[in-house]
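Here the structure comes first, spelled out in structure tokens, and everything after it is commentary.
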Amino acid sequence: MILVTGASGTLGGPLTRLLAEAGADVHGLSRRAREPEDGVTWHKGDLSTGEGIDAAVAGAETIVHCASDPFHTRRDVPAARLLIESARRQGAPHLIYISIVGVDKIPYSYYRTKYAVERLIEESGLPYTILRTTQFHTLPDMVLNVLTKIPGVIVLPKGLRDQPIDVGEVAERLAQLALAGGPARRADDMGGPEVLTAEEMARAYLRARGLRRPVRVPLPLFGKAIRGFRTGHHLTPGHAVGERTWRQFLDERHTRL
Ligand SMILES: NC(=O)c1ccc[n+]([C@@H]2O[C@H](COP(=O)([O-])OP(=O)(O)OC[C@H]3O[C@@H](n4cnc5c(N)ncnc54)[C@H](OP(=O)(O)O)[C@@H]3O)[C@@H](O)[C@H]2O)c1
Numbered sequence: 001m002i003l004v005t006g007a008s009g010t011l012g013g014p015l016t017r018l019l020a021e022a023g024a025d026v027h028g029l030s031r032r033a034r035e036p037e038d039g040v041t042w043h044k045g046d047l048s049t050g051e052g053i054d055a056a057v058a059g060a061e062t063i064v065h066c067a068s069d070p071f072h073t074r075r076d077v078p079a080a081r082l083l084i085e086s087a088r089r090q091g092a093p094h095l096i097y098i099s100i101v102g103v104d105k106i107p108y109s110y111y112r113t114k115y116a117v118e119r120l121i122e123e124s125g126l127p128y129t130i131l132r133t134t135q136f137h138t139l140p141d142m143v144l145n146v147l148t149k150i151p152g153v154i155v156l157p158k159g160l161r162d163q164p165i166d167v168g169e170v171a172e173r174l175a176q177l178a179l180a181g182g183p184a185r186r187a188d189d190m191g192g193p194e195v196l197t198a199e200e201m202a203r204a205y206l207r208a209r210g211l212r213r214p215v216r217v218p219l220p221l222f223g224k225a226i227r228g229f230r231t232g233h234h235l236t237p238g239h240a241v242g243e244r245t246w247r248q249f250l251d252e253r254h255t256r257l
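Straight run, no breaks: the sequence shown in this note's numbering ends on number 257.
In structure tokens form, the structure reads like this:
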């Protein structure tokens, strides 16, 4: 039995579908009550309060922890602690955690939280696997969608690059790790196929959407976190294992709209 937290999310959705297609007994955690669907048994539970967590964890041989609350960054650490304590009481299942490349090097508040959760898991005594990946395509797509809603020139920060990855490919890797059974501790990092500048990404986005807007990159941003991103600690060119490119993602997503 495999429990996926955050099973309703951008990553959790394709992951639960893949696991169900592979014939696993898949359970999903959500704060909302949901009807069983496509081979997934849903549990209503909240990692902020503990409501429903023991019942969801009961019987799990593997937990894939995808739930996260990036808008309330302090909540992920107590939520992970609660999940770990419940897992320890109930048979010590294999705990798989999805993290982000560079969380240990970039002092950005959400990354600090992710790194703190990684350390909790490493010290939990549970069998564990941590997979760090680069940003999913959906994240820069969402940011650029917001930027194009502001009229006029699209202004981008200077010197920023990204190595976006397809969320379906990350789901496939997590499904492999969950179905393989054994803990891998730190799995190899996973990055998208190409490192692109913010300007290249924005121009490709505008082309895919058929928008004509001037793009400028004069925005100098300061601070330790920005320095970390500018240095490229969030990139992993040595693990550019993703196949679907930013342009392929954009063409498929925006042609379908
Ligand atoms: N997005 C990226 O670029 C990226 C890159 C690398 C790694 N990651 C990591 O991948 C994971 C999933 O990201 P995502 O983009 O799929 O996130 P998402 O779409 O925002 O989904 C997050 C999920 O967390 C659940 N959740 C939030 N608070 C909860 C709580 N208190 N109790 C129970 N469930 C809770 C939500 O479920 P309900 O609303 O149904 O309760 C939601 O389905 C995160 O850990 C993220 O850090 C993301």
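Backbone N, C-alpha and C fix where the C-beta goes; we use that ideal spot for every residue, glycine too.
Residue i, DSSP secondary structure in three states
i	result
residue 30	strand
residue 162	strand
residue 249	helix
residue 108	coil
residue 136	strand
residue 18	helix
residue 154	strand
residue 207	helix
residue 103	coil
residue 147	helix
residue 186	strand
residue 4	strand
residue 197	strand
residue 113	helix
residue 10	coil
residue 120	helix
residue 179	helix
residue 174	helix
Environment of residue i [buried if 16+ CB atoms lie within 10 Å]
i	result
residue 37	exposed
residue 68	buried
residue 260	Residue 260 lies beyond the range of the chain shown here (1 to 257); nothing can be said about it.
residue 94	buried
residue 6	buried
residue 136	buried
residue 249	buried
residue 188	exposed
residue 109	exposed
residue 123	exposed
residue 24	buried
residue 45	buried
residue 47	buried
residue 121	buried
residue 169	buried
residue 153	exposed
residue 114	buried
Whole-number beta carbon distance between residue j and residue i, since they are thought to touch under 8 Å
i	j	result
residue 125	residue 88	7 Å
residue 174	residue 96	6 Å
residue 20	residue 40	6 Å
residue 259	residue 191	Shown here, the chain extends from 1 to 257; a query on residue 259 therefore has no answer.
residue 157	residue 206	About 17 Å; that fails the 8 Å criterion.
residue 243	residue 164	Incorrect: roughly 12 Å between the Cβ atoms, too far for contact.
residue 42	residue 31	Residue 42 to residue 31, Cβ: 11 Å. No contact.
residue 65	residue 83	6 Å
residue 86	residue 53	5 Å
residue 211	residue 246	16 Å between Cβ atoms; not a contact.
* Asked: Three or more C-beta pairs closer than 8 Å, one from the stretch 197-209 and one from the stretch 74-81: is that the case here?
  -> no
* **Three-pair Cβ contact test at 8 Å for the stretch 50-70 versus the stretch 145-165** => no
* Is it true that the stretch 227-241 meets the stretch 84-102, where meeting means three or more beta-carbon pairs spaced less than 8 Å apart? -> yes
* Asked: Within the chosen definition, does the stretch 10-25 reach the stretch 178-193 through at least 3 CB pairs nearer than 8 Å?
  -> yes
* **Whole alpha helix (DSSP H) elements within the stretch 15-99, 4-residue minimum** => 53-57 and 76-89
* To do: Check whether the stretch 225-233 touches the stretch 181-188, counting contact only when three or more Cβ pairs, one atom from each stretch, lie closer than 8 Å.
  => no
* Let me know the beta strand (DSSP E) ranges lying completely inside the stretch 207-236, each 3 residues or longer, listed in chain order. => 215-219
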